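Mapping to numbering that gives the first Met the number 0: the sequence shown position 211 is 210, numbers consecutive.
Every residue gets a Cβ at the ideal spot worked out from N, C-alpha and C, and that includes glycine.
In this text the structure is predicted, and so the values were computed from the model without any measurement.
Note sheet for the following structure.
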Amino acid sequence: MIFRLDERLLFPNPALAEEDGLLAVGGDLSTERLLLAYRNGIFPWYSEDEPILWFSPHERFVLYPDELIISKSMRKVLTSGQIKITFNQCFSEVIAACAKAPRTGQNGTWITAEMREAYIALHKKGYAHSVEVWMQDELAGGLYGVAVGKVFCGESMFSRVSNASKAALIHLCNSGGYKLIDCQVYTPHLQSMGARMISREEYTAILKEHLL
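In structure tokens form, the structure reads like this:
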């Protein structure tokens with residue numbers, strides 16, 4: 000059953016989500032609603048021509064920082080001295096670049112103008128963060144997401160230079176600030192870095208444990 004949200008600030012039990020993870024439709028992207036969603040393992044994901052769709056997948060694709068796998072080639076990139084990595088230096092530019100990045104099998108982007116405004120508002124209040132990778136003072140790649148206590152819910156990443164987004168993710172894992180990185184959607188390159196599937200129940204337990 001797919002639930003229809005109204006102006007009330009609440010969500011149904013995530014365990015009631017459809018097989019594809021779709022839980023609810025409607026509502027808004029206010030900071031308060033987004034924080035409530037993330038704290039309950041729910042996130043928005045929809046296209047420009049759709050209403051706001053809220054998902055809570057039965058399995059989550061996650062990366063434990065202490066299980067991170069760094070290839071020899073990536074170690075060379077990280078120690079080459081050719082890149083500089085920063086944190087929260089240009090959130091708006093990172094989310095704009097993620098919105099423009101081409102995705103295999105996708106037409107357009109799910110990071111709508113409404114989405115960008117909502118996450119920029121989250122960033123200004125200290126809940127959303129970005130990692131930037133620079134090469135010769137140019138933004139070469141990065142990622143952004145939402146921090147829920149010690150869990151980082153990754154939203155999107157981009158690379159203008161090969162391996163730049165991987166470097167951003169490695170920096171995030173090595174920052175020591177998070178016990179879990181929620182990657183949400185399976186990709187082979189994230190799996191090669193140590194990401195794996197866990198159940199919603201396990202994910203929810205981790206959220207509750209590291210919420211503060």
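By the C-beta criterion, the region 17 to 34 is judged to be in contact with the region 47 to 57, since at least 3 inter-stretch pairs fall below 8 Å. Under DSSP, Ala-204 shares a beta bridge with no residue.
Contact between the region 110 to 118 and the region 54 to 66 is not established, with fewer than three Cβ pairs separated by less than 8 Å. Bridge partners of Phe-42 according to DSSP: Phe-54. The region 179 to 190 makes contact with the region 151 to 168; the number of CB pairs closer than 8 Å reaches 3 or more. With respect to the C-alpha of Ala-204, the residue from Leu-35, Asn-162, Gly-40 and Trp-44 having the closest C-alpha is Gly-40. For a cut-off of 8 Å, the C-beta gap from Val-132 to Ile-82 is around 6 Å, short enough to register as a contact. Counting other Cβ atoms within 10 Å of its Cβ, Ile-84 reaches 16 or more and is therefore classed as buried.
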